[in-house]
Amino acid sequence: MEQRPNILLITTDQHSAEALGHLGCNDVKTPSMDRLAARGISFAKSYSANPVCCPARASWFTGRHTPENGVVTNGANMVPSMPDLGQWLNKNGYNAYYSGKWHIPGRDVAQSFHYICRDPRNTAETGDIASTRSAIGFLQNYKEKDPFFLSVGLLNPHDICSFVLTHTMHDGEMPFPEIDDLPPLPPNFEIDMAEPEKIRSSRNQKMADRGEESGMEKWEEKLYRYYIWTYYRYIEKVDGQIGLIIDALENSAFKDNTVVILTSDHGDGHLRHKMVFKSFLYDEAARVPFIMSWPGHISEQVIDQEHLVSGVDVFPTVCDYAGISPPPRMRGYSLRAIAEGKNPDWRDFVVAHATGGGKMLRTNTHKLITYEGDPVLQLFDMEADPWETRNLAESSNSRALTSEMQASLTAFESEFELAEV
Amino acid sequence: MAEPWEYIHTKTVLNKYGLPAGAFDPEAPGEQTYDIYWMNIRTKQGTPSRSHEPEATLRISAKNEGEDRHLGIICSDLKFDNTTEIDAQCENNALTSPKTWTLKYSNGSQAGKGLVEYTQKGEIRNSRLLMDGKEPAHSKTLGPYTADWCLFDAVQRLSARKDTTKHTFDLIEEFSMIRENQYLIYRGTSEITTDQSAVTADVYCHYGESVIPTCYYVDANGRLFLVVSTRRTVILKREAS
């Protein structure tokens with residue numbers, strides 16, 4: 416029997432796919448993630464199953480969408496009876512370890528994995544160093560006969576979440592005028608289109624001057640640009656940690672028999688659509704890095720622009736490499752065949768959910784966004800309008816497509832075994 | 098425009114610890130202990146962590162050894178029970194550039210016992226970084242360089258020497274990886290006030306790849322007592338000679 420590979424899953428937090436050097440962003444340096452991509456495949460159309468921390472993570476580790484696994488929003492508990500990836504691997508001949516951020520309510524990580532470094536909660540800088548160093552030590556010291564699965568939950572660039580509050584006191588002024596390489600505002604900074612109320616109210620809340628809140632509407636242009644600049648610095652920070660882990664792997668006994676998968680739970684607005692943070696379905700929040708590498712097995716130097724990928728694909732992909740069957744009713748698919756250069760039948764669309772009843776259906780060309788109870792639908796032509804600035808849902812030319820995509824979404828969800836709330 | 102030390106969480110910590118006073122010689126052998134706080138991002142006010150307790154401590158001992166400078170650094174993450182110890186032999190130069198060092202990491206996790214600890218030797222040889230004798234994947238020939246914790250020693254001596262020039266350098270972040278395009282500038286003085294007292298501090302700011310702007314506040318005696326980088330506040334707890 417062929418030796419089963421070790422599997423290293425590295426996850427970051429709040430990292431938009433756009434902010435990767437190898438996907439074309441020149442304002443951020445990501446040499447470690449670019450190196451991993453150069454030695455493997457990077458999926459450019461990869462979407463979080465629900466772009467906020469707990470739900471996205473629950474989807475990775477159950478292979479199920481959030482209406483099924485119960486973690487529909489931050490703080491909601493996972494369905495107790497649903498197996499997670501750690502439990503499944505430990506039961507099937509792997510030793511499953513976890514280092515760093517977990518953040519899935521209702522599931523004790525220490526009951527599912529060997530938990531070698533604690534969740535840093537909200538202190539990314541020190542927490543990521545500990546998670547990384549624990550992973551480095553693990554790769555130097557692991558001596559067991561069974562293959563390992565090691566999940567390293569890094570937290571940055573999540574520290575960007577402190578930016579708005581910290582800068583409340585600056586009355587909208589840029590505090591570091593010495594910085595002269597601020598990136599420009601994105602082309603969709605100012606938009607004028609129909610949006611669901613949930614998106615509007617989220618933006619308005621941050622823009623309004625509410626005393627202790629941010630009052631972002633008062634920010635001078637440079638402060639908006641400084642937000643983006645700072646976001647990129649946090650990404651560089653976590654990219655460095657990833658580099659240390661990859662270096663440690665390459666200097667270890669496991670160099671040739673370890674599959675590496677890297678992804679992020681969700682992105683960040685970073686002023687696209689004048690949004691910050693997450694929990695919405697525009698690409699800046701919903702589209703995330705997804706890289707796989709195993710030299711000699713996985714195709715190298717591939718940027719895949721074709722296949723739609725979801726966070727729910729993590730579980731079946733890991734099971735495929737581990738040589739074990741996943742639990743029943745997986746909603747995701749194994750990426751192994753694609754990663755190894757084959758051309759399997761693949762999904763026509765990917766679905767994501769968002770806090771507040773948001774739903775997204777993304778095909779290779781279009782994206783539909785709906786919110787329960789909200790009459791405003793959004794339809795974007797992602798090829799002609801990748802910045803999502805023109806809502807086509809109401810145009811006569813697009814009504815048929817909108818209806819068709821709505822019907823696909825309804826049919827897809829009709830298969831769900833909904834969690835009891 | 099507000100200065101970084103005026104961040105709400107930093108001011109809260111400053112009022113708790115007070116400002117330093119008395120003589121200090123940054124060239125003399127001694128040890129300084131700092132507490133590290135993180136702003137709580139889950140409160141609207143941006144206060145320190147809910148418990149208002151430090152999240153980590155940093156102890157730096159420094160002394161001159163012949164022509165070199167020796168630093169002993171211990172960073173303990175109190176919440177997660179992990180410790181990094183660095184013993185570094187450095188150049189006695191403006192940036193306290195490390196030449197050779199030993200890094201030891203340990204972690205109190207029960208499941209990780211015997212599995213996560215490690216020791217690593219680092220050195221700069223012919224201007225190249227070597228970790229356990231090997232170059233990291235992203236390497237380069239270094240120009241002027243330093244490491245992040247070495248800057249704690251360097252700014253004290255820059256202030257004492259009235260050095261206000263711009264220093265450009267490569268950073269050995271965490272004594273483990275190279276970061277390019279770094280610079281340290283003198284930003285002038287700032288009058289820092291707490292509920293009880295006030296000091297005038299020299300302010301040095303560090304910018305660069307992967308660096309959130311970090312301001313170092315040094316009192317008139319050359320004592321570094323506050324380091325602020327957005328949500329992180331590092332504050333002098335005590336010193337011993």
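Each protein sequence line maps, in turn, to chains P and C.
Quick note: to get my numbering, add 415 to the position in the first sequence (first position is 1).
Quick note: to get my numbering, add 97 to the position in the second sequence (first position is 1).
Ideal placement from N, C-alpha and C gives every residue a C-beta, glycine not left out.
Below-7 Å beta-carbon distance, residue i vs any chain C residue
i, result
"H685(P)", "no"
"E651(P)", "yes"
"N556(P)", "yes"
"T817(P)", "no"
"D662(P)", "yes"
"I519(P)", "no"
"T427(P)", "no"
"H688(P)", "no"
"E433(P)", "no"
"S549(P)", "yes"
"N421(P)", "no"
"F591(P)", "yes"
"L659(P)", "yes"
Beta-carbon neighbours of residue i, restricted to chain P and to distances below 8 Å
i, result
"W198(C)", "None at all; the shortest Cβ gap to chain P is about 15 Å."
"E152(C)", "T538 and T541"
Chain P within 7 Å of residue i, Cβ atoms only
i, result
"G209(C)", "yes"
"F272(C)", "no"
"P195(C)", "no"
"P310(C)", "yes"
"S158(C)", "no"
"Y104(C)", "yes"
"Y301(C)", "no"
"N112(C)", "no"
"T249(C)", "Checking the sequence shown, residue 249(C) turns out to be Phe, not Thr. Not closer than 7 Å to any Cβ of chain P, the Cβ of F249(C) fails to qualify, so no."
"S224(C)", "no"
"R328(C)", "yes"
"F177(C)", "yes"
"S206(C)", "yes"
Within chain P, partners of residue i - CB distance below 7 Å
i, result
"S294(C)", "Here the premise fails: no neighbours, minimum Cβ distance about 22 Å."
"D174(C)", "T541 and A545"
Straight-line Cα distance separating residue j from residue i
i, j, result
"E150(C)", "A125(C)", "31 Å"
"S577(P)", "A491(P)", "23 Å"
"M797(P)", "D654(P)", "28 Å"
"D534(P)", "H518(P)", "8 Å"
"I183(C)", "L323(C)", "21 Å"
"G738(P)", "L175(C)", "40 Å"
"I606(P)", "Y646(P)", "22 Å"
"P101(C)", "F591(P)", "9 Å"
"H167(C)", "Q217(C)", "18 Å"
"D260(C)", "R254(C)", "8 Å"
"Y512(P)", "L565(P)", "5 Å"
"Y557(P)", "D229(C)", "18 Å"
"P310(C)", "T732(P)", "40 Å"
"M493(P)", "P710(P)", "35 Å"
"M274(C)", "P233(C)", "7 Å"
"N179(C)", "T538(P)", "14 Å"
"L500(P)", "V567(P)", "14 Å"
"Q720(P)", "I753(P)", "12 Å"
"S256(C)", "S447(P)", "36 Å"
"N619(P)", "K774(P)", "21 Å"
"A153(C)", "A799(P)", "50 Å"
"I713(P)", "S457(P)", "11 Å"
Residue j beta carbon less than 7 Å from that of residue i
i, j, result
"D683(P)", "S431(P)", "yes"
"T678(P)", "T481(P)", "no"
"Q502(P)", "S527(P)", "yes"
"P552(P)", "E214(C)", "The amino acid occupying residue 552(P) in the given sequence is Gly; Pro does not appear at that position. Contact flag set, yes."
"V331(C)", "Y131(C)", "yes"
"T327(C)", "T581(P)", "yes"
"P123(C)", "G319(C)", "yes"
"F669(P)", "N507(P)", "no"
"A208(C)", "W198(C)", "no"
"T778(P)", "F795(P)", "no"
"L116(C)", "V296(C)", "yes"
Interface partners of residue i on chain C, CB under 9 Å
i, result
"N510(P)", "Within 9 Å Cβ-Cβ: nothing; N510(P) doesn't reach chain C, min ~10 Å."
"D594(P)", "Inspection of the sequence shows that residue 594(P) is occupied by Ile rather than by Asp. Within chain C, the residues near I594(P) are Y304 and P310."
Residue i: contacting residues in chain C (beta-carbon distance under 7 Å)
i, result
"L444(P)", "Correcting the residue identity first, residue 444(P) is Lys in this sequence and not Leu. Near K444(P) (Cβ distances below 7 Å), the residues of chain C are E306."
**Request:** Report the residue ranges of all alpha helix (DSSP H) runs contained in full by the region 682 to 725 of chain P; include only those spanning at least 4 residues, in chain order.
**Result:** 698 to 701
**Request:** Write down every uninterrupted run of the alpha helix (DSSP H) in the region 232 to 278 of chain C whose length is 4 residues or greater and which is fully enclosed by it, in chain order.
**Result:** 247 to 257
**Asked** Which full runs of the beta strand (DSSP E) of 3+ residues lie inside the region 169 to 208 of chain C, going along the chain?
**Response** 179 to 188 and 195 to 204
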